[in-house]
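Data block below; observations after.
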Amino acid sequence: MDGGSTIKQRGGLQTSSFTADHKPLMGEAPEVRGFFLGCGFNSAGMMLGGGCGRELAHWIIHGRPEKDMYGYDIRRFHHSLTDNNRWMRERSHESYAKNYSVVFPHDEPLAGRNMRKDPLHEELLQQGCVFQERHGWERPGWFSPGGAAPVLDYDYYGAYGHERHRDYNYNRLLGDEYTFDFPPHHDIIKKECLTCRNALALFDMSYFGKFYLVGPEATKAADWLFSADVSKAPGDGYYLAIGGAVAQHNWSHITTVLQDMKFQCKLLDCSEELGMMSIQGPLSRAVLQEVLDTDLSNEAFPFSTHKITTAAGCQVRAMRLSFVGEMGWELHVPRADCVKVYRAVMQAGARHGIANAGYRAIDSLSIEKGYRHWHADLRPDDTPLEAGLAFTCKLKSSIPFLGREAVEAQKAKGIFRRLVCFTTEQKVPMFGLEAVWRDGQVVGHIRRADFGFAIDKTIAYGYIRDPAGGPVSLDFVKSGSYELERMGVTFPARAHTKSPFDPDNKRVKGFY
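No gaps in the numbering here: position 494 of the sequence shown is 494 in UniProt numbering, and each next residue is one more.
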């Protein structure tokens, strides 16, 4: 492990041991099985070395670390980025330049941008889209009424002879967010959320990973890989849509399992070949019925089903799913047809009040409905039972799956920590890591928080334990008196055992 860092100037640019996100590189290399990394500690080796060394040893022996090491896992970077010298040079410079900067909740990098653009990028940019960077992709964050805010080439903050950008609108908008209060465009995100709740919104989710699991033993592999029962319609192929920020991690994990289990099937990556639009809201059916060449009624197209159909004369895969808690459909579209389909949907939705919305709105809408986010609500050291996701595990069947024994053992022993939803009446921003107090004792901390505009409350999710060491039952959750501590100030909070928004799950099923 390296503990130091050197900065040297070579040919007008710098080289250093700083990694692209100022975190170490650890774990098994995606390209070479059995080759593990423990490097890139960026002047923090003395601080991190002991714990990271212990976890790396466990990783090598058991195939995974004991603790959550996802933030240090080499698989957090997409291979197209680690193969790109410009991206590595720019991002490692910025991580060095911002080494001692305050980390604000919604900051974005200026370096290594525009590496991966989806087919709607230019269309949305002209409509005021303020982009976020995830896994190299430029994905919609929110939409500014002030016009286009393009991300410009990296200027190295004026170092090495580069001239700093002047009147850089995107950088100015980021600077406006350097606060631990609500951002100045809080009401803009509110409008995106409430448009989705009351009419409909279109979310460009094209940055998702799109994989096909195919081959003679694809069903056998899917049964083993996925905790849910996917054997109801066995075939020789499965289509996987995976959150874009974790696509490389998922790819590496699945291919490793396929190799270890010697399944006769393979994983195909079609992420760049397909776009993905999600149209959500109570008016989504009325609008999409004008665009899609298929019956969208509850009887003909129930929730959690999909069909191959046509939209604006283009073949698309339509899925009735939601990550915001509304009736809606995802359209998975060949790259060349995305703009045509997008324009057709927006034209049909114009008289119904359709609007573009970004991932800041998705974050708010999804926490309001209680949908879990990877590496916030769910980490590698959490279990489905602790996260309230037992329904995703096919424990009533006899089908074996990866991790089944661990889930069954925990179920028999009892759940000693549990993910709980909290709301506060005071409209204060929270971001995660706030302490959770129960009856005067700290019992956990918040993993993820946001503001829910439909219920007009701050919402936070965190895992809690019983200080006495006993199981955390639903009665234990309900019986406590709670407070959330933000920056040394505590706020009374209410614990929920169901989602505070649409707890009966009617809206996703089309019942308004």
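Just so you know, even glycine gets a beta-carbon here, dropped at the ideal spot from N, CA and C.
Review point. Using CA coordinates, which residue listed in Ala344, Gly440, Ala406 and Asp475 is at the minimum distance from glutamate 290?
Key: Ranking the options by Cα distance to glutamate 290, first place goes to Ala344.
Point to revise | DSSP bridge partner residues for lysine 307 (one or two, in chain order) | key: For lysine 307, the beta-bridge partners assigned by DSSP are Ala318.
Point to revise | Closest by C-alpha distance to proline 302, when choosing among Trp87, Ser80 and Gly510 | key: When each option's Cα is compared against that of proline 302, the closest is Gly510.
Practice item. Figure out for me which residue from Met115, Ser322 and Asp176 has the closest Cα to the Cα of asparagine 85. Key: Proximity to asparagine 85 across Met115, Ser322 and Asp176 peaks at Met115, based on C-alpha coordinates.
Point to revise | Local conformation of alanine 199 per DSSP, three classes | key: Coil, per DSSP.
Point to revise | Element boundaries [alpha helix (DSSP H), containing serine 284] | key: Boundaries of the alpha helix (DSSP H) harbouring serine 284: 284 to 288, taken from the DSSP string.
Check your understanding: Roughly how many whole angstroms lie between the Cα atoms of alanine 241 and tyrosine 463?
Key -> Cα to Cα, the separation comes out at about 27 Å.
**Study point:** tryptophan 59, enclosing alpha helix (DSSP H) - first and last residue
**Key:** Here the alpha helix (DSSP H) through tryptophan 59 covers 45 to 62.
Review point. Mind checking whether serine 284 and leucine 200 have CB atoms under 8 Å apart?
Key: Yes, the pair counts as a contact, with Cβ atoms nearer than the cut-off.
Review point. With contact counted as at least three CB pairs below 8 Å, one residue from each stretch, are the stretch 331 to 344 and the stretch 303 to 320 in contact?
Key: Yes, the stretch 331 to 344 touches the stretch 303 to 320.
Exercise for review: Note down, in chain order, each residue of its chain lying with its Cβ closer than 7 Å to the Cβ of glycine 3, except the 5 sequence neighbours on either side.
Suggested key: The pLDDT assigned to glycine 3 is 43, lower than 50, so where the model puts this residue is not dependable, and the model offers no usable value.
**Study point:** Sufficient close CB pairs (3 or more, under 8 Å) joining the stretch 174 to 182 to the stretch 111 to 127
**Key:** No, the stretch 174 to 182 does not touch the stretch 111 to 127.
Review point. If you run the structure through DSSP and keep just helix, strand and coil, what is aspartate 456?
Key: Coil at aspartate 456, not helix or strand.
Review point. Can you give the beta carbon distance from serine 80 to glycine 136, rounded, assuming they're within the 8 Å contact cut?
Key: 6 Å between Cβ atoms; contact.
Practice item. Have a look at Leu389, Trp251 and Thr458 and flag the residue whose alpha-carbon is nearest the alpha-carbon of cysteine 270. Key: In this structure, Trp251 is the residue among Leu389, Trp251 and Thr458 with its C-alpha nearest to the C-alpha of cysteine 270.
Exercise for review: Could you check how far apart the C-beta atoms of arginine 417 and valine 477 are, in whole angstroms? I think they sit under 8 Å.
Suggested key: 11 Å between Cβ atoms; not a contact.
**Study point:** beta strand (DSSP E) runs wholly inside the stretch 168 to 229, at least 3 long, in chain order
**Key:** Along the stretch 168 to 229, the beta strand (DSSP E) occurs as fully enclosed runs of 3 or more residues at 201 to 204 and 209 to 214, listed in sequence order.
**Study point:** Alpha carbon of lysine 413 to alpha carbon of tyrosine 461, nearest angstrom
**Key:** Inter-residue distance for lysine 413 and tyrosine 461 is about 24 Å (C-alpha atoms, whole angstroms).
Check your understanding: Could you check where the alpha helix (DSSP H) with phenylalanine 476 kicks off and where it finishes?
Key -> 474 to 479 is the span of the alpha helix (DSSP H), which, as asked, contains phenylalanine 476.
Point to revise | Secondary structure of glutamine 259, DSSP reduced to three states | key: Correct three-state label for glutamine 259: helix.
Review point. Who are the Cβ neighbours of phenylalanine 501 in its own chain at under 7 Å, not counting the five residues just before and after it?
Key: Leaving aside the five residues that flank phenylalanine 501 on each side, the residues in its chain whose CB is nearer than 7 Å to its CB run, in chain order, Gly325, Glu368, Lys369, Gly452, Ala454 and Ile455.
Review point. Which stretch, first to last residue, makes up the alpha helix (DSSP H) that contains residue 535?
Key: Any answer about residue 535 is impossible in this case: the structure gives the chain only from 1 up to 512.
Practice item. Just the C-alpha distance for alanine 350 and tyrosine 512, rounded to the nearest angstrom, thanks. Key: In this structure, the CA atom of alanine 350 is about 21 Å from the CA atom of tyrosine 512.
**Study point:** Spatially closest choice to glycine 444 from Leu395, Asp450 and Phe422, by CA coordinates
**Key:** That would be Phe422, whose Cα lies nearest to the Cα of glycine 444.
**Study point:** Through-space distance from methionine 487 to proline 429, alpha-carbon basis
**Key:** Each residue's CA atom was taken as its position, placing proline 429 and methionine 487 some 11 Å apart.
**Study point:** Beta-carbon separation (whole angstroms), glycine 244 vs tyrosine 207, contact threshold 8 Å
**Key:** Going by Cβ atoms, the distance from glycine 244 to tyrosine 207 rounds to 4 Å, so yes, they are a contact pair.
Exercise for review: Mind checking who lysine 266 pairs with in its DSSP beta bridge?
Suggested key: Residue pairing by DSSP places lysine 266 opposite Val214 in a beta bridge.
**Study point:** For isoleucine 242, three-class secondary structure by DSSP
**Key:** Three-state DSSP puts isoleucine 242 in a strand.
Point to revise | Residue nearest to methionine 276 in terms of C-alpha spacing, selected from Ile189, Ser231 and Lys210 | key: Taking only the C-alpha atoms, the option nearest methionine 276 is Lys210.
**Study point:** Pairwise C-alpha distance: glutamine 126 and tyrosine 170
**Key:** Between tyrosine 170 and glutamine 126, the C-alpha separation is close to 13 Å.
**Study point:** Contact set for proline 109: own chain, Cβ-Cβ below 8 Å, skip 5 residues either direction
**Key:** If we look at proline 109 and ignore the five residues flanking it on each side, its Cβ neighbours are Arg91, Glu94 and Glu133.
Exercise for review: Take every Cβ of the stretch 224 to 233, pair it with every Cβ of the stretch 386 to 405, and state whether three or more of those distances are shorter than 8 Å.
Suggested key: Contact holds: three or more Cβ-Cβ distances are below 8 Å.
Review point. Taking the alpha-carbon positions, what's the glycine 64 to histidine 249 distance?
Key: Here residue 64 turns out to be arginine, not glycine, going by the sequence shown. Arginine 64 and histidine 249: Cα-Cα distance of roughly 13 Å.
Check your understanding: Taking buried to mean at least 16 other C-beta atoms within 10 Å of its own C-beta, is histidine 62 buried or exposed?
Key -> Flag for histidine 62 reads exposed.
Review point. Just to check, is the beta-carbon of serine 144 closer than 7 Å to a non-hydrogen atom of the ligand SAM?
Key: In the structure on display, the ligand SAM does not appear, and there are no ligands present to speak of.
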